[in-house]
Amino acid sequence: MIELFLGGCRSGKSKLAEQAAADSKLSVIYLATATADDQQMRQRIAAHQSSRPQSWLLLEEPFELAQAIQKHTAPQTCVLVDCLTLWLTNCLFKKDLEYYEAQKLQLLQVLENSHGKVILVSNETNMGVIPMGQMSRDYCDQAGLLHQQVAALSERVTLAVAGLPLSLKG
Numbered sequence: 001m002i003e004l005f006l007g008g009c010r011s012g013k014s015k016l017a018e019q020a021a022a023d024s025k026l027s028v029i030y031l032a033t034a035t036a037d038d039q040q041m042r043q044r045i046a047a048h049q050s051s052r053p054q055s056w057l058l059l060e061e062p063f064e065l066a067q068a069i070q071k072h073t074a075p076q077t078c079v080l081v082d083c084l085t086l087w088l089t090n091c092l093f094k095k096d097l098e099y100y101e102a103q104k105l106q107l108l109q110v111l112e113n114s115h116g117k118v119i120l121v122s123n124e125t126n127m128g129v130i131p132m133g134q135m136s137r138d139y140c141d142q143a144g145l146l147h148q149q150v151a152a153l154s155e156r157v158t159l160a161v162a163g164l165p166l167s168l169k170g
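The opening residue of the sequence shown carries number 1 in this note's numbering; numbering runs sequentially from there.
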């Protein structure tokens, strides 16, 4: 089962996804895509880590997400990925568009053939003003396309707003 949680910054999407993972009663593997490139990001990562159960296995995978999901997905396991947009950022800005497209194709194939529970978290970036710069527009376009493709494969899609879940699918 694939489940997608979308929301803006500080919308509560990660908390809702973590609760869904805990409610699954499965062994949870948390795949973190963030990289601690600055002090604020290190603080955000630490806050996320302190809020999760100690029994969850934490794995960091900023680039090869499909391979990590494929390796760790099993019927008795819930894989929680937080988050797709940070993974997109890593691929686009630390690698390139061609690398990202290849990784995205692998991710979609892995999700389509998954035999376990996978919960994905992502930032919804496309609910406001169209960004002025081309790089920002390109990023938002890629995020929007990724969300559409992952949502199409998901049994459930939830939008988080002010900490509240709004069911979009399932």
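Glycine residues also receive a C-beta, built at the ideal position from the N, C-alpha and C atoms.
- Contact check for residue 45 against residue 32 passes: the beta carbons are separated by less than 9 Å.
- Here residue 20 has 3, 119 as same chain residues with Cβ atoms under 7 Å from its own Cβ, once five neighbours each way along the sequence are excluded.
- If you draw a 10 Å sphere on the C-beta of residue 18, you find 16 or more other C-beta atoms in it, and that means buried.
- Going by DSSP, residue 110 is part of the alpha helix (DSSP H) stretching over 97-112.
- Bounds of any alpha helix (DSSP H) do not take in residue 78; it lies within the beta strand (DSSP E) bounded by 77-82.
- When the alpha-carbon of residue 29 is set against those of 130, 64, 54, the nearest one is in 54.
- Between residue 113 and residue 143, the gap from beta carbon to beta carbon reaches 9 Å or more.
- In the DSSP assignment, residue 169 falls outside any alpha helix (DSSP H) and lies within the beta strand (DSSP E) extending over 164-169.
- Comparing C-alpha distances from residue 157 to each of 27, 168, 98 shows the shortest one belongs to 168.
- The C-beta of residue 23 has fewer than 16 other C-beta atoms within 10 Å across all chains shown, which makes the residue exposed.
- When secondary structure is reduced to three states using DSSP, residue 26 falls in the coil class, being assigned neither helix nor strand.
- Here residue 35 has 62, 90 as same chain residues with Cβ atoms under 7 Å from its own Cβ, once five neighbours each way along the sequence are excluded.
- As the crow flies, the alpha-carbon of residue 51 is around 31 Å from that of residue 95.
- In the displayed model, residue 136 falls within a helix according to three-state DSSP.
- According to DSSP, residue pairing for residue 117 in a beta bridge involves 78.
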